[in-house]
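Heads up, the thing below is written out as structure tokens.
Number of protein chains: 2
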Amino acid sequence: MNSQENSSVTPLGAAAPLKRPGRPQPVTLRQVAEAAGVSTATVSLVVNKKKTARISDETRQRVRDAIRDLGYRPNAMAQTLVSGSSRFIGLVADAIATTPFAGQIIHGAQDEAWKHGYALLIANTEGNRELETDAIAMMLEYKVRGILYSTWFHRPTDIPASLKESDFVLVNCFSTEPGARAVVPDEVQGGRSATEILLKHGHRRIAFINATIPAPAKDGRLQGYREALEAEGIPFDAGLVLEAYPDQEGGYGATEELLKREATAVYCYNDRMAMGLYDGLREHGLSIPEDMAVVGFDNQEVIAAHVRPPLSTVALPHYELGAAGVRMLLGLEEAPAADPTKIHCPTVERNSVRALAPA
Amino acid sequence: MNSQENSSVTPLGAAAPLKRPGRPQPVTLRQVAEAAGVSTATVSLVVNKKKTARISDETRQRVRDAIRDLGYRPNAMAQTLVSGSSRFIGLVADAIATTPFAGQIIHGAQDEAWKHGYALLIANTEGNRELETDAIAMMLEYKVRGILYSTWFHRPTDIPASLKESDFVLVNCFSTEPGARAVVPDEVQGGRSATEILLKHGHRRIAFINATIPAPAKDGRLQGYREALEAEGIPFDAGLVLEAYPDQEGGYGATEELLKREATAVYCYNDRMAMGLYDGLREHGLSIPEDMAVVGFDNQEVIAAHVRPPLSTVALPHYELGAAGVRMLLGLEEAPAADPTKIHCPTVERNSVRALAPA
DNA sequence: TACAAGTGATCAAACGTTTTAGCAGAAATG
DNA sequence: CATTTCTGCTAAAACGTTTGATCACTTGTA
Numbered sequence: 001m002n003s004q005e006n007s008s009v010t011p012l013g014a015a016a017p018l019k020r021p022g023r024p025q026p027v028t029l030r031q032v033a034e035a036a037g038v039s040t041a042t043v044s045l046v047v048n049k050k051k052t053a054r055i056s057d058e059t060r061q062r063v064r065d066a067i068r069d070l071g072y073r074p075n076a077m078a079q080t081l082v083s084g085s086s087r088f089i090g091l092v093a094d095a096i097a098t099t100p101f102a103g104q105i106i107h108g109a110q111d112e113a114w115k116h117g118y119a120l121l122i123a124n125t126e127g128n129r130e131l132e133t134d135a136i137a138m139m140l141e142y143k144v145r146g147i148l149y150s151t152w153f154h155r156p157t158d159i160p161a162s163l164k165e166s167d168f169v170l171v172n173c174f175s176t177e178p179g180a181r182a183v184v185p186d187e188v189q190g191g192r193s194a195t196e197i198l199l200k201h202g203h204r205r206i207a208f209i210n211a212t213i214p215a216p217a218k219d220g221r222l223q224g225y226r227e228a229l230e231a232e233g234i235p236f237d238a239g240l241v242l243e244a245y246p247d248q249e250g251g252y253g254a255t256e257e258l259l260k261r262e263a264t265a266v267y268c269y270n271d272r273m274a275m276g277l278y279d280g281l282r283e284h285g286l287s288i289p290e291d292m293a294v295v296g297f298d299n300q301e302v303i304a305a306h307v308r309p310p311l312s313t314v315a316l317p318h319y320e321l322g323a324a325g326v327r328m329l330l331g332l333e334e335a336p337a338a339d340p341t342k343i344h345c346p347t348v349e350r351n352s353v354r355a356l357a358p359a
Numbered sequence: 001m002n003s004q005e006n007s008s009v010t011p012l013g014a015a016a017p018l019k020r021p022g023r024p025q026p027v028t029l030r031q032v033a034e035a036a037g038v039s040t041a042t043v044s045l046v047v048n049k050k051k052t053a054r055i056s057d058e059t060r061q062r063v064r065d066a067i068r069d070l071g072y073r074p075n076a077m078a079q080t081l082v083s084g085s086s087r088f089i090g091l092v093a094d095a096i097a098t099t100p101f102a103g104q105i106i107h108g109a110q111d112e113a114w115k116h117g118y119a120l121l122i123a124n125t126e127g128n129r130e131l132e133t134d135a136i137a138m139m140l141e142y143k144v145r146g147i148l149y150s151t152w153f154h155r156p157t158d159i160p161a162s163l164k165e166s167d168f169v170l171v172n173c174f175s176t177e178p179g180a181r182a183v184v185p186d187e188v189q190g191g192r193s194a195t196e197i198l199l200k201h202g203h204r205r206i207a208f209i210n211a212t213i214p215a216p217a218k219d220g221r222l223q224g225y226r227e228a229l230e231a232e233g234i235p236f237d238a239g240l241v242l243e244a245y246p247d248q249e250g251g252y253g254a255t256e257e258l259l260k261r262e263a264t265a266v267y268c269y270n271d272r273m274a275m276g277l278y279d280g281l282r283e284h285g286l287s288i289p290e291d292m293a294v295v296g297f298d299n300q301e302v303i304a305a306h307v308r309p310p311l312s313t314v315a316l317p318h319y320e321l322g323a324a325g326v327r328m329l330l331g332l333e334e335a336p337a338a339d340p341t342k343i344h345c346p347t348v349e350r351n352s353v354r355a356l357a358p359a
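Line order of the protein sequences matches chains A and B. Residue numbering for the first sequence follows UniProt numbering, beginning at 1 and increasing consecutively. Residue numbering for the second sequence follows UniProt numbering, beginning at 1 and increasing consecutively.
Written as structure tokens, this is what we have:
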């Protein structure tokens, strides 16, 4: 009844970490070679389907049978060792969990890496410098092809010294250091797109509730707003730009001020603010989109898709950031000279905006 | 000026993927040994701080200097090869991005793995069987210490054949196959805790809006509800149990039915339903928690912490699931015989519940 | 003085692959 | 028949480590 297979010879005192059934040692090339009655070289050639190799169909088949019978799996470590370059890409993130966003960066990086035959080695540092150094060291020791250094919100960063020992790309962050490749969301275009959603529905008096805390997003999204208005020939009115802390409370708290502005539409710095604003407007007996059209930014699924009415917004291209980061790392995508590469933020239209009723 | 170090001999025709500046080959043990005027064995001994090794302080220092000067990093592949066992743990997930949850499993697994000197190798399969097989194959080739097979929502699963070639632990899912270790959330206890939040605030007439779709969570959370009531001597009233599709719309749509039940409190199958219910109640001019106390389940941050009022709920222990999975894999945690190990779902109290006003 | 013990370091095999050069025999060529 | 070419396969070095065996000295002990 008791499947204690490996009668381990560990000293009994040293409470050995209770072992599982005990797996046999993995099958090696040599064992396959012996089973098939050929040399390891031959097996290797069959496994790797070398075109140039001359191997008879008969032998080829014998090797394949042996591989199947023994359940052979190549040892990637050994392959890497001899080939000199590994098939790993490292991803260090400052927050894997704190936000649903980071997940999308991982996702995009993983898909793209996989597509090119690379595996992802991830580490999250939670902003801890020491952990970060260790994580990068680990990746360097595994001789990764390169490292993606990512942050969960778009911001400037400095580059840890050890990072420079490898190829790397900054993802969702950037540095002024020359030669550092980076990919970030196109905040300006995003801000423009958000505003355009409202413009194209006929709104002319559009408020913008910006964030209070400084960030590339804050400047970029404002600039996009201005550009969009300008393109429509609407003069910029500083009075229509409010500022609040970029969360639900902030959005909620901005309601009063917003209503004083007599705008017909409002563009919020992010979806969370929009969500708070929903509550505020509702308390004033106003309905969306009839009394006020609202657009957000970020496309935070759990919020945007599920508030009532569903929120029109602009998505942060996290998946694309991860994927583009990998492509750039592998040299498949041209990295423009100085500035970070900007990734397009797509518009997501839902029902929080409708055509402005003629006055 | 031009730091073209590796004058690659790639045939010019084969448009080589435009290389970056060209990193020098990594420094090896041998180079350190030569620089320090010792054998590679000596360097290895210094690097690994072997207590048993006899090395003079003078030599030790010379080696350390060389290591620093050359910027030596051990090659983990070579180490793995000779030591026979790798320091990798694989994590295959059916959804990295679809949900903020998966991120927490990764996070927990990564932290715990790291703590024991392991690195995480991740792959997401998006439910694609072929991708999954490839991912597992990759992990087997890297000779991972074991594999965590995780799903984004708690459910039964079957075990891919190749998974059995390695040690593995099911995370957030389970199988009836004997010998499969698994760790899942304790839905029953969670349901009990959710109900207890309401009970302890004096509520006696508590409705439960369950999900319509079958799942371990559906049964478990209901059972927990019944157990909690029973413990308080409150007879179970099937009339107080509604069912709806487990999302915002479902919660919103259940409002009417709920109000007919004349309950003073309601426990929702998940936070998204609670969010929808918020909207429904509000439309009826009811306020939370005065007119109706509400608790959710899942502790989906973006929702629960930020609706108005913030929602009391029970958290799914995703982080812990990942961490416990790793511990179990490494044999640091006893895996009970047959059933999956159940992880505690902690209560998170916010402001959507207040003491029932005396009638 | 002879030998054991201790010290500081090295040798060389091994880990599981890939790959180049080369070998033996068969077939084609002159 | 003597060469060349082709075919099918193998030998062996290399990748960067770890580690048990060994060695040449020095020091201590009998």
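A virtual CB, placed ideally from N, CA and C, is assigned to each residue, including glycine.
N- and C-terminal bounds of the alpha helix (DSSP H) containing residue i
| i | result |
| --- | --- |
| residue 216(A) | 216 to 231 |
| residue 288(B) | Taken as a continuous stretch (DSSP letters only), residue 288(B) belongs to no alpha helix (DSSP H), as it is neither H nor E. |
| residue 30(B) | 29 to 36 |
| residue 44(B) | 40 to 47 |
| residue 108(B) | 100 to 115 |
| residue 258(B) | 255 to 260 |
| residue 353(B) | Neither: residue 353(B) is in no alpha helix (DSSP H) and is coded neither H nor E. |
| residue 136(A) | 129 to 141 |
| residue 329(B) | 318 to 329 |
| residue 63(B) | 57 to 70 |
| residue 82(B) | 76 to 83 |
Extent of the continuous beta strand (DSSP E) run through residue i
| i | result |
| --- | --- |
| residue 184(B) | 182 to 185 |
| residue 342(B) | 341 to 343 |
| residue 371(A) | Residue 371(A) lies beyond the stretch modelled for chain A, which goes from 1 to 359, so this question has no answer here. |
| residue 266(A) | 265 to 268 |
| residue 243(B) | 241 to 244 |
| residue 122(B) | 119 to 124 |
| residue 211(B) | 206 to 211 |
| residue 303(B) | Counting along the chain, residue 303(B) falls outside any beta strand (DSSP E), though it belongs to the alpha helix (DSSP H) covering 301 to 304. |
| residue 170(A) | 168 to 174 |
Beta-carbon spacing of residue i, residue j below 8 Å
| i | j | result |
| --- | --- | --- |
| residue 363(A) | residue 295(A) | Nothing can be reported for residue 363(A), as the shown portion of chain A is limited to 1 through 359. |
| residue 252(B) | residue 285(B) | no |
| residue 90(A) | residue 159(A) | no |
| residue 335(A) | residue 181(A) | yes |
| residue 227(B) | residue 204(B) | no |
| residue 156(A) | residue 174(A) | yes |
| residue 261(A) | residue 304(A) | no |
Distance between beta carbons of residue j and residue i, contact taken as under 8 Å
| i | j | result |
| --- | --- | --- |
| residue 247(A) | residue 282(A) | At roughly 18 Å, the Cβ-Cβ gap does not stay under 8 Å, so residue 247(A) and residue 282(A) are not in contact. |
| residue 139(B) | residue 143(A) | In fact, because the Cβ distance is near 18 Å, the residues do not count as touching under 8 Å. |
| residue 105(A) | residue 331(A) | Rounded, the Cβ-Cβ distance is 20 Å, inconsistent with contact. |
| residue 95(A) | residue 126(A) | 7 Å |
| residue 361(A) | residue 254(A) | Coverage of chain A is limited to positions 1 through 359, which leaves residue 361(A) absent and any answer about it impossible. |
Buried/exposed call for residue i, threshold 16 Cβ in 10 Å
| i | result |
| --- | --- |
| residue 9(B) | Low confidence applies to residue 9(B): its pLDDT is 31, below 50, so where it sits in the model is not reliable enough to give any reading. |
| residue 82(B) | exposed |
| residue 101(A) | buried |
| residue 166(B) | buried |
| residue 357(A) | exposed |
| residue 299(B) | buried |
| residue 257(B) | exposed |
| residue 279(A) | buried |
| residue 176(B) | exposed |
Sequence-distant residues of its chain with Cβ nearer than 7 Å to residue i (five each side left out)
| i | result |
| --- | --- |
| residue 245(A) | 212 |
| residue 198(B) | 206, 265, 267, 293, 295, 353 |
| residue 88(A) | 118, 119, 121, 142, 144, 145 |
Contact set for residue i: own chain, Cβ-Cβ below 8 Å, skip 5 residues either direction
| i | result |
| --- | --- |
| residue 38(A) | 59, 62, 63 |
| residue 222(A) | 191, 208, 210, 241 |
Nonlocal neighbours in the same chain, by C-beta distance under 6 Å from residue i, ignoring five residues either side
| i | result |
| --- | --- |
| residue 123(B) | 92, 135 |
| residue 363(B) | Given that chain B is displayed from residue 1 to residue 359, the structure contains no residue 363(B) and the question cannot be resolved. |
| residue 338(B) | none |
| residue 344(B) | 186 |
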